[in-house]
Amino acid sequence: MLRTVPQSPSRRRPKGWAALAAGTAASLLLGGTLALSGGTAQAAPTNSTGAPATSGGIKVAYFDQWSIYTNAYYLKTMNDTGAAGKLDYLIYDFGNIDPTNLTCFEANKAASQNEDDPNAGDGAGDSFADYQKSFGADISVDGVGDTWNQPIVGNFNQLKKLKAKNPNLKVLLSIGGWTYSKYFSDAAATDASRKKFVSSCVDLYIKGNLPVQGGYGGPGTGAGIFDGIDIDWEYPGGNGHTGNHSSPNDKQNFTSLLAEFRSQLDAQGKTDGKTYGLAAAVGAGQDKIKYVETDKIGQYLTFLDIMTYDMHGGWEAKGPTNHQAPIYTNPNDPMNPLPGGNGKYSLDNAIKAYTVGDPQYGIPGGFPAKKINVGVPFYYRGWTGVTAGNNHGLFQPATGPAAGGSYSGNVAGIKMYKELNGFVDNPAYTYWDDAAKAAYFYDGTTFWSGENAQSIQAKLDYAHCNGLGGSFAFSMYDLGTQTALFDKMVSATNGSAANCPAAPNSPSPSASASQPASPSPSTSASSSASASPSSSASPSQSATSGACSGAPSWNAGTVYATATKVSWKGHYYTNKWWTTGEDPSLSGQWGTWTDNGAC
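Now the structure itself:
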C-alpha cells in the first residue's frame, strides 16, 4: 500500500491509512516549462535500457484485503466489471510476519494507525477478511451465498470463485507492505531463518494449511487459491515505517530470501504439478535501489513491480507542488538531488538504475527489462492554497495538503479516483507537463497529481520502447466500478508504441559491464509474428537451429504467454511464465525455462 506520511517514493499506504504528518518544505522554485492541456501530441519516448521494443505485456493489479469494508469493493466487483478477465495476475495484499517466530501467520488483530508507533503492525492481521467473513449472494462472485458448514469463507473463498470464473487468472499472496515489513530483515538474516520463514509461508498460503479460527480453516482448506508469492519488503536497508528492523546485510539477504522462495516454490510445484510464481515490489528511488542487488535477483523472479509513484505528495506540506508519478524529470523540478549524486525521482531514472545501472549510487543494473512492470496509481496526491505561477500551479508553494475524502480515510493530501473523477476528468482543470510526461489537475487553488488516459498511454509507450514486461495497477478499489483508467492501462499494455527512437546518451546493456552476457532478441516481440534476424544479430538470436521433432523451435520474437514446449540447441524446454526473447539455453536452474533434456 502507499503510505501517507513524509516519504521517499514508493512507500505504500498502510491499512486504514494513517494520519498525515507534516513534511519539511523543500526550497521553492518557480517552474518555466510550458504545461499544455490534455490531448497535446507527445514526442515518442526514448529507449533508456538498450532492450528491444516489445508489443503486448502482462497486466497485474492489487486487491486490498480491507477494501470490502468502508469501500464495499469486492472480488465480485472485479468480476462484474470485467476487470478480472483482463488481468494475468491479481495480487492479494498483505500477509504479515510473526514478531516472535519470524513466520507467516494468520491473526485477527488491528494494526495501530499511529505512524510513529514502532510496533504498529506487530502481531496484526485480518484473518476475518481472509477466510472468516461470510458473503451473501449479493456480494459473492458467483451469486451464491456462503453457508455455515463451508471449510472457509471470506476473501480467500471469493478468490477461489473468481479463478473459477476466470481460468486464466493467477493470484499471488503479497507479504509485507508498509506496515508489515518490520521483521523482514530478521526473517532473512540467516540460512536457517530464511528456510523457516519461507517454509511457513508455503505451508500457509500454497499448501493452504490455514489455522482454525472462528470455526473456519484447517489442513488444506486454502490449497489451490494462490499461484505464488509476492514479496513487498519496504525496504531492505531501512527507511521504512518507524521501528522497522534493518541490517547492513539486508542487500545480500534480500537476494538470498528470494532464492529460498524460488527453491521451495519450485519443490512444491513438482509435488503439485504446476509452476508457482514469485514476484517482488520494490522502490523507485536510487536511495532504495542501492540496497538491492539488481544484477542478481532477476533469476529468481517471475516479474518485478517497480512502485513508480508516490514520488511527491502532501507530506511536503507547503510544497512545492510536484508530480507523484512522472516518467522523466522536468529540468525545472525543484526537488533537491538525492544524496550521493544528482539523481531525482522519475520512472526513467528508476528503470535505468535497475537495468543499466547508476554508478553515482553504486547500482550495477543488470535486471532483465522484460521482467519489469511499471506502476499505475489510481489515486491522487494534492495540495491546496496553490498559486498559479507560470505553469498552472506546478512547482508552486501551497498552504497545505488538499482535503482528503471519506473513502480515503479522510487523510489530507490523498484522494481516490472515484472521489475526484469530476475534478480530474474536467478538461478545464487538466494540464500536461510535456517534459515530465505527466498529467496534473488545477482549479486555481487546489492541485492534484496523478494519472489520466494521456499519462497512462505515455507510460506504456515508454514501457514498450524500453522492452519492459507490462504494467500493474495500485489499487483497484480506488476506481470502484468506474474502470476507464483501468481499461486504458489494459489496452495500452496490450498495444505497442508507434515510434521508439534510441536515446542519444543512454548506454545499451552490451556496453555496460554490469549487464548479463545473455543475448537480446534482435526484433520487437510479438505474440504472433516470428522474428527475422537483423544484420547484427548473432546466430543464437535469430536462427532456428537445434529444432527437434515433437516441438517447434524456440523463436526470439515470439511471446510465450503460457507454458509452451519448444526445442532449442538439441534440448526440449518448457517456459515457467510469460517470456519473450530469453534464450532457453541460458536460462539456468532458476530462470524462465526448464530444461526437459536432450531430444
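In mature numbering (1 follows the signal peptide of the UniProt record, and there is no 0), the protein residues as written are -43 to -1, 1 to 556.
Glycine is no exception: its CB is placed at the ideal position from the N, C-alpha and C atoms.
All figures in this text were calculated on a predicted structure; none of them were measured in a lab.
Rounded C-alpha distance that separates residue i from residue j
i: Y30; j: Y434; result: 6 Å
i: A415; j: Y26; result: 34 Å
i: P9; j: C422; result: 7 Å
i: D87; j: S138; result: 19 Å
i: G300; j: P294; result: 5 Å
i: Y233; j: T402; result: 49 Å
i: F324; j: I188; result: 17 Å
i: G230; j: K152; result: 22 Å
i: A241; j: I263; result: 6 Å
i: L59; j: V155; result: 10 Å
i: W135; j: G78; result: 9 Å
i: N71; j: N196; result: 17 Å
i: N201; j: V17; result: 28 Å
i: T34; j: N112; result: 12 Å
i: N451; j: S428; result: 10 Å
i: V331; j: A236; result: 13 Å
i: D391; j: Q411; result: 11 Å
i: C556; j: V110; result: 47 Å
i: L377; j: N106; result: 42 Å
i: Q209; j: V249; result: 8 Å
i: A441; j: V381; result: 13 Å
i: E539; j: K117; result: 32 Å
i: F20; j: P205; result: 33 Å
i: P193; j: V239; result: 9 Å
i: P108; j: N36; result: 23 Å
i: S213; j: A326; result: 21 Å
i: S432; j: S220; result: 30 Å
i: P75; j: A369; result: 22 Å
Beta-carbon contacts of residue i that lie in its chain and below 8 Å, excluding the five residues immediately before and after
i: A474; result: Bear in mind that a pLDDT of 27 at A474, under 50, signals an unreliable position, so the model cannot answer this.
i: L126; result: A41, G42, L44, D45, Y46, L47, L119, K120
i: Y399; result: V343, A345, H349, G350, L351, Y386, Y388, W405
i: M446; result: K16, V333, I413, L417, S428, A430
i: P2; result: I284, K394, A415, D418, Y419, C422, N423, A454, C457
i: A508; result: K522, V523, S524, Y529, C556
i: K90; result: I25, V110, G111, N112
Residue span of the beta strand (DSSP E) that contains residue i, given as start and end
i: I54; result: 46 to 54
i: K122; result: Unbroken run through K122 is the alpha helix (DSSP H), 111 to 122; no beta strand (DSSP E).
i: K522; result: 522 to 525
i: K372; result: 371 to 373
i: G185; result: 185 to 189
i: S406; result: 404 to 406
i: N553; result: 550 to 555
i: S432; result: Counting along the chain, S432 falls outside any beta strand (DSSP E), and DSSP gives it neither H nor E.
i: A395; result: 395 to 399
i: H202; result: Unbroken run through H202: none, as it is neither H nor E.
i: Y388; result: 387 to 390
i: H280; result: From DSSP, H280 is part of no beta strand (DSSP E); its letter is neither H nor E.
i: Y530; result: 528 to 532
Start and end residues, alpha helix (DSSP H) containing residue i
i: A224; result: 207 to 229
i: H421; result: 410 to 422
i: V447; result: 441 to 451
i: Q170; result: Looking at the DSSP string, Q170 is not in any alpha helix (DSSP H); the run it does join, the beta strand (DSSP E), is 167 to 170.
Cβ shell of residue i (< 7 Å), same chain only, five flanking positions each side left out
i: K66; result: G80, A81, G82
i: T278; result: W340, V343, G350, L351, F352, Q353, A355, F404
i: N532; result: Y517, A520, T521, T549, W550
i: F183; result: V128, L129, L130, Y162, I163
i: G226; result: T232, Y233
i: H198; result: A77, W135, T136, S138, K139
Residues near residue i in its chain [Cβ-Cβ closer than 6 Å; skip 5 each side]
i: N28; result: Y364, Y434
i: W511; result: V523, W525, P541
i: L(-10); result: In this predicted model, L(-10) has a pLDDT of only 39, less than 50, meaning its place in the structure is not dependable; the value taken from the coordinates is given anyway. Within the same chain, L(-10) has no close Cβ partners at all.
i: S303; result: P283, Y285, T286
i: A393; result: H280, P283, Y285, N287
i: G298; result: Q317, Y318
i: D103; result: S91, F92, V110
Presumed contact (8 Å Cβ cut-off) between residue i and residue j, rounded CB distance
i: G396; j: N409; result: Before going on, a small fix: residue 396 reads as Ala here, not Gly. About 4 Å separates the two Cβ atoms, so the contact holds.
i: L425; j: Y374; result: That belief does not hold up - the Cβ atoms of L425 and Y374 are roughly 24 Å apart, past 8 Å.
i: L32; j: V98; result: 6 Å
i: G258; j: L222; result: Looking at the sequence provided, one finds Leu at residue 258 rather than Gly. That belief does not hold up - the Cβ atoms of L258 and L222 are roughly 11 Å apart, past 8 Å.
i: S453; j: S12; result: 4 Å
i: I329; j: T251; result: Actually they do not touch by this definition, with Cβ atoms about 11 Å apart.
i: A146; j: Q243; result: Incorrect: roughly 25 Å between the Cβ atoms, too far for contact.
> Which full runs of the beta strand (DSSP E) of 3+ residues lie inside the segment 293 to 353, going along the chain?
Replying inline: 329 to 334, 336 to 341
>> To test your reading of the DSSP string, which unbroken alpha helix (DSSP H) runs of 4 or more residues are found completely within the segment 127 to 179?
In response: 141 to 144, 148 to 158
>> Could you tell me which whole beta strand (DSSP E) segments of length 3 or greater appear in the segment 237 to 272?
In response: 260 to 263
>> Give the list of continuous beta strand (DSSP E) stretches no shorter than 3 residues that lie fully inside the segment 9 to 47.
In response: 15 to 21
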